[in-house]
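In numbering that gives the first Met the number 0, the protein residues as written are 0 to 118. In this text, a Cβ means the ideal position worked out from N, Cα and C, and glycines have one as well. The structure displayed is predicted, hence computed values, not measured ones. Working notes, structure below.
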Amino acid sequence: MEKLTNKEEEIMHILWKLEKAFVKDVMAEIKSEKPHYNTLSTIIRKLEDKGFVAYNAYGKTHQYYPIVTKEAYRQKFMNTAINNYFNNSYKNMVSFFAKEEKISVDDLKEIIALIENEK
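As structure tokens, then:
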């Protein structure tokens with residue numbers, strides 16, 4: 000699975016949310032600066048080439064839908080990030096967020112409870 004560009008990820012988040020969408024539907028959901036319609040269409044076709052989306056054709060228009068789940072993409076790239084930036088250590092990752100004050104004690108307690116309930 001290939002890493003997506005920031006814009007491609009933004010489009011995939013929209014497609015994951017909508018589940019099925021025409022280019023105009025995706026355009027309507029873009030919160031940041033909207034690209035030209037043809038540019039957006041090209042990005043979506045690149046996502047198709049990369050194996051992230053497929054489409055149903057209705058005449059000359061296409062309704063796109065994701066074929067890679069958000070969970071599969073998240074798992075692949077979180078594992079890569081943990082490996083590349085935290086020496087494949089979840090402990091190092093959690094420590095990093097704790098030191099950066101991005102995770103609270105209550106969050107950590109909740110994580111511990113989740114782990115203990117899985118056993």
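Contact under 8 Å by Cβ, residue i with residue j
| i | j | result |
| --- | --- | --- |
| alanine 53 | tyrosine 64 | yes |
| leucine 17 | glutamate 9 | no |
| valine 67 | methionine 0 | yes |
Between the CA atoms of residue j and residue i - distance to the nearest angstrom
| i | j | result |
| --- | --- | --- |
| glutamate 70 | methionine 11 | 12 Å |
| serine 125 | phenylalanine 21 | Nothing in the structure corresponds to residue 125, since the chain is present only between 0 and 118. |
| leucine 107 | glutamine 74 | 20 Å |
| threonine 60 | aspartate 24 | 12 Å |
| glutamate 117 | alanine 56 | 44 Å |
| lysine 131 | lysine 49 | Since the first residue of the chain shown is 0 and the last is 118, residue 131 is not available in this structure. |
| isoleucine 42 | glutamate 115 | 43 Å |
| lysine 2 | serine 31 | 21 Å |
| asparagine 91 | lysine 101 | 14 Å |
| serine 133 | glutamate 109 | Here the chain has residues from 0 to 118 only, and residue 133 is not among them. |
| asparagine 87 | isoleucine 111 | 19 Å |
Whole-Å CB distance - residue i paired with residue j, under 8 Å assumed
| i | j | result |
| --- | --- | --- |
| glutamate 7 | lysine 33 | Not confirmed; about 16 Å, so no contact. |
| phenylalanine 85 | phenylalanine 95 | 7 Å |
Counterpart residues of residue i in DSSP-defined beta bridges
| i | result |
| --- | --- |
| asparagine 55 | Gln62 |
Mind pulling the alpha helix (DSSP H) runs of 4 or more residues that sit fully within the region 84 to 111? You should have 89 to 98.
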